[in-house]
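A short write-up of the structure that comes next.
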Amino acid sequence: MNSNAPPSPGRRVEAVVVGASAGGIEALLVLLHGIAPPWRLPVVVVLHLPEGHQSHLAEIFAERLHIPVHEAADKMPLAPGSLYFAPPGYHLSIERDRCFSLSCEPPVRFSRPSIDVLMASAADACGPALAGFLLTGANDDGAEGLYRIHQAGGITAVQDPKEAQIPTMPQAAIARHSPDHVLALRELRALLLQLESAHAH
Amino acid sequence: MNRNSASLPLASPLSNTEIELRLLMEAIYLRYSYDFRDYTVASQKRRVLHALAQLGLPSISALQEKVLRDPLLFGRLLEYLTIPVSEMFRDPTYFLALRRHVVPILQTYASIKVWVAGCSTGEEVFSLAILLREEGLLSRTQIYATDINPASLEKARQGIFPIESIRGYTANYQRAGGRSSFSDYYTAAYDAARFDPALCADVIFADHSLATDSVFAETQLVSCRNVLIYFNRELQDRALGLFHESLCHRGFLGLGAKESIDFSSYSERFDTHSQPERIYRKAT
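Structural data, given as structure tokens:
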């Protein structure tokens, strides 16, 4: 399914998966700023957080956005127009029936949840109908996952390392393969809006 | 085209890996009666690919060929297929909720039966035994600790855990409302901590599969954490059915912090007893 030409952002995708680590909350607030109904595209986020604590990400983003925001739960179906966060301490996967599954496998690249795990499973489940975004972070989680999305024919986009608060994560992804898009946050946001509008039609 | 993504048909045909994975699970079931066919695929695939790398095999099909003919290799694969990752007093608020909200009701029974389903290497069993002893209930409690993996059950029976884990366990124990000093419960020797065998004097460790076996006792409490997440919805329903059948009138079911019966067909048959800790009670 490898294609030489970058997939067109106008192509229809069914879901977007996003990975971020250090500096990720601020970056996500810019990326997702102002999204509101009739937003239909499901967005699933892994943001690294310390284990063993309740995550307040869903509340933080629910206050600022006008779409449903959930902490992803086991066997929860991916609903149109919702934003999901991986719960701390569990890997989050997407299954072929477009439901989430959780797992307690050991950390991957020192991370649980791992961005690689979410992205690789989503690539298996959605094939070319998936877009993956990788933002700021201080490790290399997500590079392999984004590559798996690329191999499955999906769209890959990373935050421009020059702009990222911590450039390590986007740099690792760029070293692993040539992402379709390397963009500043507000351009990534424009790409997300384009994907949504293609999804809705 | 304005299709709802939640009701979309499968995006793409099965990949070769997924086909091989299904065939492997079918072969294991036919040959060894271990039923992994209704496990969620994403995690199962990662574990099998990890096993391939560790066993130095080129493909899942090659693994299948060997597994069919070599029970010893199957034993090794079982270690990868089941996830023996646990810790004592994992999610301390769960144990705190048991102590505060379930123990007072258990105290009203003359004798108590507890089923730890999918007990893996025993961390959960020892944690519960410690809690029940501190609450004065252990002497009248029978614990059934079950798992499908005989190697895990054997480790659980021994009650020996790596010493480097103890610091984390101790912190969990304290956050779980522990009433004593955690070191009262184990003897440290070299690189291991051996837990007081008296804690498990009344524990029955038994082979039991939530996928193929049936109910074996009437219980007041079933604790089954971080097990159902590896099952697909059908198998989750089967397991919840076993728990429901096993529980006495108004018996308790404890699930993992992020597990829920909301997406199962048993959601109406349990009441929520302790919400964030996912402790349910059999509905009347």
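Listed in order, the protein sequences are those of chains A and B.
In my numbering, each residue carries its 1-based index in the first sequence increased by 12.
In my numbering, each residue carries its 1-based index in the second sequence increased by 475.
Cβ coordinates follow ideal geometry from the N, Cα and C atoms, glycine included.
Note that this is a predicted model, so its numbers are computed, not measured.
Neighbourhood of residue i by C-beta distance below 7 Å, restricted to the same chain and skipping five residues each side
i, result
"E501 of chain B", "R512"
"I79 of chain A", "I47, A48, P49, W51, G93, S94, L95"
"P567 of chain B", "N647, R650, A651"
"A196 of chain A", "D172, E175"
"I736 of chain B", "L715, S742, F745, Y755"
Neighbourhood of residue i by C-beta, 8 Å cutoff - its chain only, sequence neighbours within 5 removed
i, result
"Y741 of chain B", "D712, L715, G716, H719"
"E562 of chain B", "E598, S640, G643, Y644, N647"
"S586 of chain B", "R615, T616, Q617"
"E734 of chain B", "R700, N701, L703, I704, R753"
"R108 of chain A", "D136, A137"
"H103 of chain A", "L114, S115, C116, E117, V120, R124, P125, S126, V129, L130"
Proximity below 9 Å, CB of residue i to CB of residue j
i, j, result
"L44 of chain A", "L204 of chain A", "yes"
"L553 of chain B", "I623 of chain B", "yes"
"V57 of chain A", "L40 of chain A", "yes"
"G149 of chain A", "A176 of chain A", "yes"
"L527 of chain B", "S534 of chain B", "yes"
"E117 of chain A", "R574 of chain B", "no"
"S105 of chain A", "T515 of chain B", "yes"
"V30 of chain A", "L146 of chain A", "yes"
"G165 of chain A", "I127 of chain A", "no"
"E693 of chain B", "K588 of chain B", "yes"
"Y619 of chain B", "Q695 of chain B", "no"
"F680 of chain B", "S721 of chain B", "no"
"L548 of chain B", "L530 of chain B", "yes"
"V578 of chain B", "S749 of chain B", "no"
"F727 of chain B", "V678 of chain B", "no"
Paired residues, beta bridge with residue i - DSSP
i, result
"T616 of chain B", "B:I587"
"K757 of chain B", "B:F745"
"R669 of chain B", "B:I635, B:T662"
"Q171 of chain A", "A:L195"
"E83 of chain A", "A:F97"
"L104 of chain A", "A:L114"
"A150 of chain A", "DSSP output for A150 of chain A lists no bridge partner at all."
"Y514 of chain B", "B:F706"
"S698 of chain B", "B:V591, B:G729"
"V602 of chain B", "The sequence shown places Ser at residue 602 of chain B, not Val. Paired residue(s): none; S602 of chain B is not in a bridge."
"L722 of chain B", "B:T694"
"D622 of chain B", "B:D682"
"A27 of chain A", "A:L142"
Straight-line gap, residue i to residue j (C-alpha atoms, nearest Å)
i, j, result
"W51 of chain A", "R76 of chain A", "15 Å"
"L603 of chain B", "I161 of chain A", "43 Å"
"E609 of chain B", "P99 of chain A", "32 Å"
"V55 of chain A", "L114 of chain A", "17 Å"
"Q649 of chain B", "A187 of chain A", "45 Å"
"A84 of chain A", "E71 of chain A", "13 Å"
"P119 of chain A", "P125 of chain A", "7 Å"
"H724 of chain B", "A758 of chain B", "8 Å"
"E495 of chain B", "P191 of chain A", "30 Å"
"A155 of chain A", "A184 of chain A", "6 Å"
"H82 of chain A", "Q206 of chain A", "23 Å"
"T747 of chain B", "K87 of chain A", "18 Å"
"F657 of chain B", "R565 of chain B", "15 Å"
Closest Cα partner of residue i within the set the options
i, options, result
"F73 of chain A", "A:L207, A:Q183, A:F97", "A:F97"
"P546 of chain B", "B:Y514, B:C699, B:Y509, B:D566", "B:Y509"
"E540 of chain B", "B:S656, B:L498, B:L607, B:H576", "B:L498"
"I558 of chain B", "B:L538, B:K520, B:A732", "B:K520"
"R24 of chain A", "A:C138, A:Y159, A:R201, A:N151", "A:C138"
"D659 of chain B", "B:I605, B:H748, B:H576, B:Q529", "B:I605"
"F601 of chain B", "B:L628, B:D746, B:F706, B:Q695", "B:L628"
"A631 of chain B", "B:V578, B:Y584, B:V591, B:Q695", "B:V591"
"F670 of chain B", "B:L612, B:S684, B:T596", "B:T596"
"P751 of chain B", "B:A572, B:Y504, B:R565", "B:A572"
"I580 of chain B", "B:G531, B:R708, B:L612", "B:L612"
"N707 of chain B", "A:P89, A:P179, A:V170", "A:P89"
"E672 of chain B", "B:T747, B:Q633, B:A732", "Per the sequence shown, residue 672 of chain B should be read as Pro rather than Glu. Selected option, being the one with the closest Cα: B:Q633."
"I37 of chain A", "A:A134, A:I178, A:F112, A:V129", "A:I178"
"I638 of chain B", "B:Y665, B:G653, B:T621, B:L532", "B:Y665"
"T621 of chain B", "B:E709, B:Y569, B:G653, B:S684", "B:S684"
Cβ-based neighbour list, residue i, same chain, cut-off 6 Å, excluding 5 preceding and 5 following
i, result
"F636 of chain B", "A668"
"R506 of chain B", "L543"
"S123 of chain A", "H60, D153"
"A212 of chain A", "R52"
"H189 of chain A", "Y159, H162"
"L607 of chain B", "L613, T616"
"A134 of chain A", "V29, I106, L142"
"G35 of chain A", "T148, Q177, I178"
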